[in-house]
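Contents: one structure, followed by commentary.
4 protein chains.
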Amino acid sequence: MSTWGEHFRVTTYGESHCRSVGCIVDGVPPGMELTEADIQPQMTRRRPGQSALTTPRDEKDRVEIQSGTEFGVTLGTPIAMIVRNEDQRPKDYGGSTMDLYPRPSHADFTYLEKYGVKASSGGGRSSARETIGRVAAGAIAEKYLKLSHNVDIVSFVSSVGNEHLFPPTPEHPTASTNPEYLQLLETIDRPTVDKFIPVRCPDADASERMTKVIEKFRDAHDSIGGTVTCVIRNVPVGLGEPCFDKLEAKLAHAMLSIPATKGFEIGSGFGGCEVPGSTHNDPFVVSDDGRLKTKTNNSGGIQGGISNGASIYFRVAFKPPATIGQAQNTATYDLQTGTLEAKGRHDPCVVPRAVPIVEAMSALVIMDALMAQYARECEEHAAYVDHHFAHQAYHCS
Amino acid sequence: MSTWGEHFRVTTYGESHCRSVGCIVDGVPPGMELTEADIQPQMTRRRPGQSALTTPRDEKDRVEIQSGTEFGVTLGTPIAMIVRNEDQRPKDYGGSTMDLYPRPSHADFTYLEKYGVKASSGGGRSSARETIGRVAAGAIAEKYLKLSHNVDIVSFVSSVGNEHLFPPTPEHPTASTNPEYLQLLETIDRPTVDKFIPVRCPDADASERMTKVIEKFRDAHDSIGGTVTCVIRNVPVGLGEPCFDKLEAKLAHAMLSIPATKGFEIGSGFGGCEVPGSTHNDPFVVSDDGRLKTKTNNSGGIQGGISNGASIYFRVAFKPPATIGQAQNTATYDLQTGTLEAKGRHDPCVVPRAVPIVEAMSALVIMDALMAQYARECEEHAAYVDHHFAHQAYHCS
Amino acid sequence: MSTWGEHFRVTTYGESHCRSVGCIVDGVPPGMELTEADIQPQMTRRRPGQSALTTPRDEKDRVEIQSGTEFGVTLGTPIAMIVRNEDQRPKDYGGSTMDLYPRPSHADFTYLEKYGVKASSGGGRSSARETIGRVAAGAIAEKYLKLSHNVDIVSFVSSVGNEHLFPPTPEHPTASTNPEYLQLLETIDRPTVDKFIPVRCPDADASERMTKVIEKFRDAHDSIGGTVTCVIRNVPVGLGEPCFDKLEAKLAHAMLSIPATKGFEIGSGFGGCEVPGSTHNDPFVVSDDGRLKTKTNNSGGIQGGISNGASIYFRVAFKPPATIGQAQNTATYDLQTGTLEAKGRHDPCVVPRAVPIVEAMSALVIMDALMAQYARECEEHAAYVDHHFAHQAYHCS
Amino acid sequence: MSTWGEHFRVTTYGESHCRSVGCIVDGVPPGMELTEADIQPQMTRRRPGQSALTTPRDEKDRVEIQSGTEFGVTLGTPIAMIVRNEDQRPKDYGGSTMDLYPRPSHADFTYLEKYGVKASSGGGRSSARETIGRVAAGAIAEKYLKLSHNVDIVSFVSSVGNEHLFPPTPEHPTASTNPEYLQLLETIDRPTVDKFIPVRCPDADASERMTKVIEKFRDAHDSIGGTVTCVIRNVPVGLGEPCFDKLEAKLAHAMLSIPATKGFEIGSGFGGCEVPGSTHNDPFVVSDDGRLKTKTNNSGGIQGGISNGASIYFRVAFKPPATIGQAQNTATYDLQTGTLEAKGRHDPCVVPRAVPIVEAMSALVIMDALMAQYARECEEHAAYVDHHFAHQAYHCS
């Protein structure tokens with residue numbers, strides 16, 4: 001289904017060739033100032049046509065709030081948001097190449113198998129256009145998280161092809177043990193990331209190397225993958241559910257729901273498997289404000305599925321885009337072998353534009369977990385705790 | 001919450017020191033033969049005490065079906081399953097080390113922050129004992145999937161520390177482009193995996209290298225991580241939902257909900273980011289039975305979030321266990337620095353025992369997706385499809 | 001939350017003064033012909049201005065499909081539908097009466113208490129305008145149910161004030177024991193109901209009596225309540241879940257979610273409490289097509305929460321509308337007592353316009369239950385049933 | 001499915017002849033004292049064998065907590081509860097009457113059609129025994145609601161057959177306009193109700209009349225229905241969701257999910273349809289503590305789907321039990337007409353034993369709505385409300 005979240009619940013709709021794409025966001029806290037101006041910036045960061053390295057289509061992607069606010073303030077009721085598709089005409093079935101061939105590694109084949117209906121856009125809902133509704137909804141969540149808890153969410157490109165910002169080394173099979181990496185995570189912000197357009201990797205040298213990789217594949221009518229790293233700072237302690245809905249599990253779910261993703265790792269990740277437990281464990285120290293915090297952060301801010309107050313950070317793998325300019329030997333729907341030649345422009349690498357999408361999905365996960373925890377910890381709880389028992393409990397702040 | 005699935009819905013309960021652990025499984029198809037004998041084998045593969053490399057505790061973990069079957073046949077009603085905890089006495093609060101210190105990289109601290117109550121077991125639900133209910137439920141799903149669609153689910157250990165079964169190479173940054181790897185995925189079965197106890201890596205040489213790594217860390221009172229690979233064969237085409245509930249997103253969610261996991265990658269995974277699109281794309285060929293299938297499988301059996309009929313395979317990262325025999329400098333709940341020395345035995349590496357848990361969670365994901373698809377494609381659907389339109393549609397089988 | 005259904009999932013949005021109202025419908029079966037022409041008729045039956053007995057506002061309520069169809073056929077993806085609000089300007093806060101007083105028995109007070117924000121429309125989502133999205137979604141469900149199972153859903157007005165179509169009598173404390181009533185339920189259709197506009201009670205004499213009651217209250221600047229009866233014919237056997245989601249429980253939930261409802265009774269209902277079990281029980285007979293059916297239908301088509309193939313019928317109570325032309329002694333938000341005099345026109349009785357809303361919610365309940373049952377009974381199930389056991393089972397058709 | 005609630009989530013299991021019945025309750029607030037002694041009293045009020053008017057089976061129904069508490073305090077983790085079935089042997093298939101006949105107005109037929117499997121207990125999950133898990137879970141919710149908000153939930157029998165505690169009159173077509181009735185609702189408590197065992201109607205005269213009715217039907221080997229009224233006092237203002245999950249809609253859902261129910265009405269209910277709006281509206285007055293409250297309560301404590309602080313009250317209709325001692329002409333599974341004669345003892349009227357079940361389901365509804373509201377109104381919300389706007393908002397307490 002096209003719904004995310006239990007408390008801050010987002011339902012998206014739309015494919016490439018319909019009238020509009022958008023979403024309904026239910027559960028938005030009432031009384032928050034909100035207008036399209038809060039939402040448009042991330043929409044604009046996501047849209048195509050931002051540089052010579054992305055697809056040159058120039059869609060405006062202007063969002064319109066339909067409901068749920070009055071005089072620029074949220075009412076607590078569902079907020080519907082719409083972005084009109086500027087070219088909404090579905091292509092009629094004809095003899096075009098795309099009608100004959102399911103495109104390799106696209107969703108054309110699986111959508112047809114699943115639904116039994118051939119949409120003019122192939123796997124319409126698997127289009128990157130579907131992420132517009134996510135980014136719009138994420139912008140609302142981000143605003144609330146920032147105002148109420150000063151939560152910062154920042155994503156950036158950490159690799160393109162085999163060019164890495166922090167490549168694994170024998171000393172640091174995972175970057176999580178590298179203090180320089182952790183320092184970057186604590187300080188990076190979006191304006192800095194956007195200084196490094198087109199690649200959005202916040203390091204001059206790495207950015208240049210990555211640009212060259214993308215240019216090489218673009219010029220070869222080919223494509224290449226990459227990774228996006230995201231850090232979420234100031235997450236309150238105690239978010240996430242034990243068992244099935246651990247906070248990292250929800251993040252993994254959210255990230256792997258973004259088109260073209262192939263992997264997710266949190267904290268030390270895959271490289272952490274190669275580090276001894278004695279190094280990997282995060283011992284406790286006392287913070288300046290007199291609370292326990294971890295000295296290191298190989299856990300990535302989550303222990304036992306629950307946030308521990310340290311920065312949450314993770315990395316997401318994006319495959320090379322399936323649309324390439326080269327001819328491909330493949331087969332038609334009618335079981336004939338042949339050669340498919342794609343037309344038109346495409347992104348040779350999606351990671352620069354994926355940055356705001358990763359941020360949006362992160363915001364949706366944290367917002368939902370925050371509201372779930374609100375349901376548990378209201379002040380009334382205190383009233384019924386037995387006093388004899390309470391002295392044994394360590395009190396939450 | 002402690003519930004997984006929309007159609008095949010599993011709710012687990014229990015912590016280390018309570019009377020029992022177990023689950024309720026709702027949505028089990030009626031009319032299937034089912035007794036404890038179908039469930040116990042996976043319970044036994046999961047339980048501790050299987051070798052000198054795992055914790056020497058010897059728990060029997062005998063499962064008892066409470067409801068939902070009669071005369072060995074499922075009724076379609078909820079199946080409750082119970083495993084008694086043999087030592088169920090909660091430890092009273094005293095001066096013990098564990099009462100003073102939140103254990104590093106355990107869930108003791110985060111549970112206390114979340115709930116405000118200090119359980120005798122620390123982060124009780126984050127215990128590996130909670131996975132008993134999952135394995136029991138997974139065994140039911142597996143039986144149905146096998147009987148109805150001949151689905152095979154097999155997991156094995158693919159790395160321990162820096163010893164890999166298929167290490168990345170310049171030629172194959174991802175094993176998904178390595179035919180030898182794909183061949184293994186098509187043929188591996190559980191009896192073969194279990195021949196390689198204690199490590200469960202189905203290769204004599206790699207298994208020996210991994211065993212030595214575990215022994216080294218065990219003898220150093222330390223611990224080490226590793227990865228588990230899982231393949232799911234014969235999954236029907238068309239499972240998985242577009243958008244948020246893509247099949248790989250649900251798998252990622254399921255895997256990251258297993259204690260001690262830090263990463264998930266499907267198909268080509270992180271290594272696939274380094275491969276050109278022209279290599280990564282999976283072109284179509286015609287299968288022997290006259291249907292489209294992909295020639296390669298870098299997608300890992302899923303495109304656009306929907307299964308394409310090829311084998312689904314993925315890899316899960318497990319961190320080094322947090323319980324180690326070495327003394328650790330850390331801080332107490334009362335904000336005093338000190339040294340925590342753990343007692344007792346522990347697993348120096350969890351991956352061998354994680355194998356059946358990964359299989360169980362895989363079964364729960366596929367089963368739920370299968371039932372979701374049933375809801376969409378019943379035969380009655382055919383009746384209303386307009387005939388003029390139908391000739392344009394590619395028919396599902 | 002503003003979402004209904006697990007499989008056929010409807011999310012509505014919008015209040016009186018925003019840009020548009022509408023919904024997203026997820027889970028619509030693919031391959032069905034669908035255009036606005038399928039949806040508009042029920043929208044038009046619901047809209048105001050249909051007679052001198054309803055509010056004279058003349059809203060067009062034109063529905064626009066945004067997504068999820070191509071060339072007039074459903075894709076299986078979410079269908080967004082929008083109805084523009086023609087007068088969308090929120091009223092600014094001023095000295096108007098409505099700004100000072102929470103209207104008695106409206107939702108102004110409870111919305112303000114719940115959300116802490118005062119919307120210009122008072123309890124905006126409690127407006128009858130919210131039901132537009134429900135009726136649009138219901139029309140899609142109805143079309144599928146009709147095409148796939150020939151399901152008929154017909155509602156009509158069964159009482160206004162104390163004028164009843166079938167008043168309780170000593171012989172028939174419940175109409176369910178009256179053959180004349182059951183006969184009407186088997187034959188009534190929408191064209192017949194609409195012949196009896198403005199009241200929509202399909203009996204000339206009762207309709208005239210009800211019209212007089214409404215006119216009397218309208219002329220007295222007062223309002224009056226009434227009941228709507230609904231019958232659903234040709235529901236497949238086996239829909240509804242045991243335990244919490246019994247089919248009648250979902251119907252009750254759906255009906256009590258319609259604004260202004262105060263009661264629900266199914267089959268024999270409240271009157272059935274006064275009938276002996278020996279009369280109330282529905283014995284089985286053999287139908288013409290050689291299957292079991294019940295001889296009587298006091299159960300209202302559902303037993304143990306599951307449809308039995310007989311017609312499902314129930315009655316819903318609607319209170320007198322809260323907006324009346326008379327002055328009311330009440331209190332302001334600022335705790336001053338005073339007199340509130342309402343302006344503008346209103347419906348003196350809502351039941352005629354409630355008819356299509358009751359039908360829509362009925363369709364949503366049956367559609368969701370049908371898809372839930374599909375998930376359970378796919379043909380593959382047959383394969384695994386043990387043959388030795390199967391001879392003892394009574395086979396479903 | 002067998003799950004109730006989004007935040008305080010109850011999953012029940014078990015049928016008549018399995019090892020045990022019970023439930024898992026997830027979402028219980030941590031830190032509350034809780035032992036079996038809090039739960040057993042309602043279990044005992046529900047169990048059979050309480051008087052000569054109920055079935056003479058004497059089941060002990062002892063509840064055992066399996067998990068989720070330590071040292072008598074809730075941990076916040078799932079609480080599993082079990083009640084062993086004392087006679088757990090399923091009856092083998094033989095030539096017994098019940099194997100041949102689907103019992104009229106039982107669920108035997110519909111379960112078989114739904115699941116295709118014939119359980120020895122007929123419609124096993126439709127058994128009153130399934131309600132054991134609900135009552136156990138409800139007792140936990142009730143304790144929390146009482147401790148945190150002093151919520152009182154009291155049910156009582158309001159009619160048996162045609163003997164009513166407050167029969168409708170021309171002056172009061174609904175009891176909601178009768179001050180004597182409202183007075184009873186404000187003062188009734190459980191000890192008073194239980195003084196009137198066996199009928200549990202808190203009025204000596206009415207109780208005697210009802211007893212005679214039950215005796216008459218019992219002696220005639222017949223059965224009779226009745227109604228249960230429930231009042232919930234001290235519900236916080238603001239609970240319930242607009243649109244589909246109005247508080248009365250959830251209550252209706254919950255009540256109609258109890259076996260043998262046929263109707264639900266809240267506040268003025270069906271009788272309220274006959275009362276003018278000018279009488280039915282509840283004007284506001286200022287309470288002694290300086291807040292708005294309604295002068296009358298025809299709304300039954302809910303407006304626009306949201307609690308308004310007044311007492312919530314409603315009435316539930318229970319049909320005459322389907323099991324009767326008389327012979328019934330009906331048909332066999334094999335389509336033969338014949339006569340079914342039931343054996344054994346049964347309840348001639350279920351309403352006395354339904355009282356604690358209605359209370360339990362009420363507690364589950366209110367608890368879940370309370371937690372939903374917690375998620376929305378945490379103190380952090382205040383921080384972001386714009387000050388210029390806030391003066392226009394009426395502040396929640």
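Chains as they are written, first to last, in full-length UniProt numbering: chain A, 1 to 397; chain B, 1 to 397; chain C, 1 to 397; chain D, 1 to 397.
Ideal Cβ positions, reconstructed from N, Cα and C, are used throughout, including at glycine.
Model, not experiment: these values are computed from the prediction.
> Would B:E248 pass as a contact of B:G305 if the rule is Cβ separation under 8 Å?
Replying inline: For the purposes of this step, residue 248 of chain B is identified with residue 248 of the second sequence, where counting begins at 1. For the purposes of this step, residue 305 of chain B is identified with residue 305 of the second sequence, where counting begins at 1. It is a contact, given that the beta carbons lie within the stated cut-off.
> Checking contacts by CB at 8 Å: is B:R291 closer than that to chain C?
Replying inline: Along the second sequence, one-based indexing puts residue 291 of chain B at 291. So no, B:R291 is outside the interface.
> Any idea if C:N298 is buried or exposed, counting beta-carbon neighbours within 10 angstroms, 16 or more meaning buried?
Replying inline: Within the third sequence, numbered from 1, the residue matching residue 298 of chain C stands at position 298. C:N298 comes out buried.
> Which ranges would you report for the beta strand (DSSP E) in the stretch 92-165 of chain C if only whole runs of at least 3 residues count?
Replying inline: 152-160
> Who are the neighbours of D:Q183 on chain B, taking C-beta pairs under 8 Å?
Replying inline: To locate residue 183 of chain D, count along the fourth sequence from 1; it is residue 183. Simply none; closest approach about 41 Å.
> Nearest-angstrom Cα distance between A:R200 and A:R47?
Replying inline: Taking the first residue of the first sequence as position 1, residue 200 of chain A is located at position 200. Taking the first residue of the first sequence as position 1, residue 47 of chain A is located at position 47. The alpha-carbon atoms of A:R200 and A:R47 are separated by roughly 14 Å.
>> Bridge partners for A:R19 per DSSP, in chain order?
In response: As a working note, residue 19 of chain A is residue 19 in the first sequence. Per DSSP, none; premise fails for A:R19.
> Below 8 Å between beta carbons: does that hold for D:E33 and D:V63?
Replying inline: The residue labelled residue 33 of chain D in the question sits at position 33 within the fourth sequence. The residue labelled residue 63 of chain D in the question sits at position 63 within the fourth sequence. It is not a contact, given that the beta carbons lie outside the stated cut-off.
>> Tell me which residues share the same chain as D:L364 and place their Cβ nearer than 8 Å to its Cβ, disregarding the 5 neighbours each side in the sequence.
In response: Locating residue 364 of chain D in the fourth sequence gives position 364, counting from the first residue. Result list for D:L364: W4, G5, F8, V10, R134, A137, G138, A141, A254, in chain order.
> Is D:N85 buried or exposed, if buried means 16 or more other CB atoms sit within 10 Å of its CB?
Replying inline: Taking the fourth sequence and counting its residues from 1, the one referred to as residue 85 of chain D is at position 85. Buried.
> Whole beta strand (DSSP E) runs in the stretch 214-280 of chain D with 3 or more residues, listed along the chain?
Replying inline: 226-233, 261-266
> With DSSP run on the structure shown, which of helix, strand or coil describes D:V193?
Replying inline: Within the fourth sequence, numbered from 1, the residue matching residue 193 of chain D stands at position 193. D:V193: helix per DSSP, three-state reduction.
>> Using a Cβ-Cβ distance cut-off of 8 Å, determine whether C:H388 contacts chain D.
In response: As a first step, residue 388 of chain C must be located in the third sequence, where it is residue number 388. Low local confidence applies: a pLDDT of 32 at C:H388 is under 50, so the model's placement there is unreliable, and no value is given.
>> Does B:S307 come out as helix, strand or coil in the three-state DSSP assignment?
In response: Position 307 of the second sequence, counted from the start, is the residue given in the question as residue 307 of chain B. B:S307 falls in the strand class under three-state DSSP.
>> Considering Cα atoms alone, identify which of B:T12, B:G269, B:S223 is closest to A:A260.
In response: Here residue 260 of chain A is taken as the residue at index 260 of the first sequence, counted from 1. Of the listed residues, the one whose Cα sits closest to A:A260 is B:G269.
>> Quick check on C:Q336: buried or exposed, where buried means 16 or more other Cβ atoms within 10 Å of its Cβ?
In response: Taking the third sequence and counting its residues from 1, the one referred to as residue 336 of chain C is at position 336. C:Q336 comes out exposed.
> In chain D, which residues lie less than 7 Å from A:P283 when you measure between Cβ atoms?
Replying inline: For this step, residue 283 of chain A is matched to residue 283 along the first sequence. Neighbours of A:P283 on chain D: none; closest Cβ ~26 Å, over 7 Å.
>> What residue range does the beta strand (DSSP E) around B:V358 cover?
In response: On the second sequence, position 358 is the one that residue 358 of chain B refers to. Counting along the chain, B:V358 falls outside any beta strand (DSSP E), though it belongs to the alpha helix (DSSP H) covering 351-374.
> What three-state label does DSSP hand D:K293 in the structure shown?
Replying inline: Position 293 of the fourth sequence holds residue 293 of chain D. Reduced to three states, the DSSP call for D:K293 is strand.
> B:C18 touches chain A at which residues, Cβ-Cβ below 7 Å?
Replying inline: Position 18 of the second sequence, counted from the first residue, corresponds to residue 18 of chain B. Within chain A, no residue comes near B:C18; the closest Cβ sits about 14 Å away, beyond 7 Å.
> Do three or more CB pairs link the stretch 280-290 of chain C to the stretch 264-279 of chain D at distances below 8 Å?
Replying inline: no
>> Tell me the residue span of the beta strand (DSSP E) that contains D:Q66.
In response: To locate residue 66 of chain D, count along the fourth sequence from 1; it is residue 66. Segment: none, D:Q66 is in no beta strand (DSSP E) and carries neither H nor E.
>> For C:N234, which residues in the same chain have their Cβ closer than 7 Å to its Cβ, ignoring the five residues on either side in sequence?
In response: Taking the first residue of the third sequence as 1, we reach residue 234 of chain C at position 234. Cβ neighbours of C:N234 beyond the five flanking positions: H149, N150, V151, D152.
> By how many angstroms is the C-alpha of A:F156 removed from the C-alpha of A:S207?
Replying inline: Within the first sequence, residue 207 of chain A is the residue found at index 207, counting from 1. Within the first sequence, residue 156 of chain A is the residue found at index 156, counting from 1. Their backbone Cα atoms lie some 11 Å apart in a straight line.
> Listing by chain order, which chain C residues have their CB less than 8 Å from the CB of B:M371?
Replying inline: Numbered from 1 along the second sequence, position 371 holds the residue referred to as residue 371 of chain B. Near B:M371 (Cβ distances below 8 Å), the residues of chain C are A375, R376.
>> Please tell me whether A:L79 and A:V25 are closer than 8 Å, where the distance is taken between their beta carbons.
In response: Numbered from its first residue, the first sequence carries residue 79 of chain A at position 79. Numbered from its first residue, the first sequence carries residue 25 of chain A at position 25. In the sequence as displayed, the identity of residue 79 of chain A is Ile instead of Leu. For A:I79 and A:V25, yes; Cβs fall inside 8 Å.
>> Could you check whether the Cβ of A:Y13 sits closer than 8 Å to any Cβ belonging to chain C?
In response: Your numbering for residue 13 of chain A matches position 13 in the first sequence. Yes, its Cβ sits closer than 8 Å to a Cβ of chain C.
> With distances taken between CB atoms, is the gap from B:T131 to B:I258 smaller than 8 Å?
Replying inline: Translated into positions along the second sequence, residue 131 of chain B becomes position 131. Translated into positions along the second sequence, residue 258 of chain B becomes position 258. Taking 8 Å as the Cβ cut-off, B:T131 and B:I258 qualify as a contacting pair.
>> Restricting to Cα atoms, I'd like to know which of A:I188, A:G68, A:R209 is closest to C:K118.
In response: Against the third sequence, residue 118 of chain C aligns to sequence position 118. Of the listed residues, the one whose Cα sits closest to C:K118 is A:G68.
> Given that B:N308 touches chain A, what residues does it touch there, using C-beta distances under 7 Å?
Replying inline: As a first step, residue 308 of chain B must be located in the second sequence, where it is residue number 308. Those are F109, T110, listed as they occur along chain A.
> How big is the Cα-Cα spacing for C:S105 and C:E113?
Replying inline: As a position in the third sequence, residue 105 of chain C is number 105, starting the count at 1. As a position in the third sequence, residue 113 of chain C is number 113, starting the count at 1. Cα-Cα distance, rounded: 14 Å.
> To which residues of the same chain is C:F389 closer than 7 Å at the C-beta, ignoring the five residues directly before and after it?
Replying inline: Here the question's residue 389 of chain C lines up with position 389 in the third sequence. Per-residue confidence for C:F389 stands at a pLDDT of 36, beneath the threshold of 50, marking its modelled position as unreliable; the derived number appears in the next sentence. Closer than 7 Å at Cβ, skipping near neighbours: no residue.
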